[in-house]
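**Q**
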Amino acid sequence: MSFTDKFRTQHNEILVIAKDMSTELKGEADAAVLRKLLSNLAGKLNFHLAMEDQALYPRLMERKDADAKGMAKKFMDEMGGLGKVFGTYNDKWQVSAIRKDPAGFASETQAVFAALTKRIQRENTELYPLADRTS
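Here the numbering used here runs 54 ahead of the position in the sequence shown, where the first position is 1.
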């Protein structure tokens with residue numbers, strides 16, 4: 055079992071919820087169902103970010119390897135921005151807002167999910183292999 059297995063599992067769980075939301079958006083979207091999925095996603099994402107902040111990044115920053123430290127710092131800095139964007143998105147889209155502007159919700163959701171998916175792919179292919187090698 056590698057050090058990052060739990061992080062990768064969390065990524066998969068996050069992507070499943072994003073897929074469920076995307077599927078819901080393609081049909082006659084129910085704002086309450088979408089909000090419930092979004093709340094579930096936010097909980098999983100916030101837990102995942104906390105685990106990275108408490109376990110992954112400190113572990114990489116302790117390494118003598120400058121590449122590990124540099125990559126950890128780069129990913130931490132980038133995630134701060136994405137985390138803020140997601141937090142604003144999550145706060146904005148309550149059930150009433152989704153009902154009022156379903157097209158706006160769908161558009162913003164696609165943009166947030168594209169950024170989140172890209173980030174997950176980068177972590178899985180760049181950051182986590184490095185963490186596994188240095189653990």
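Every residue gets a Cβ at the ideal spot worked out from N, C-alpha and C, and that includes glycine.
Whole angstroms is fine: what's the gap from D187's alpha carbon to A122's?
**A** First, the residue type needs correcting, since residue 187 is Arg and not Asp in the sequence shown. The alpha-carbon atoms of R187 and A122 are separated by roughly 10 Å.
**Q** Check whether the Cβ atoms of L92 and F140 sit closer than 8 Å, and answer yes or no.
**A** Here L92 is not near F140, since their CB atoms are 8 Å or more apart.
**Q** Would you mind working out which of G137, V149, M125 sits nearest A83, comparing C-alpha positions?
**A** V149
**Q** According to DSSP, simplified to helix, strand and coil, what is G97?
**A** helix
**Q** Mapping the DSSP letters down to three states, classify G81 as helix, strand or coil.
**A** coil
**Q** Measuring CA to CA, which of A157, A151, Q175 is closest to I68?
**A** Q175
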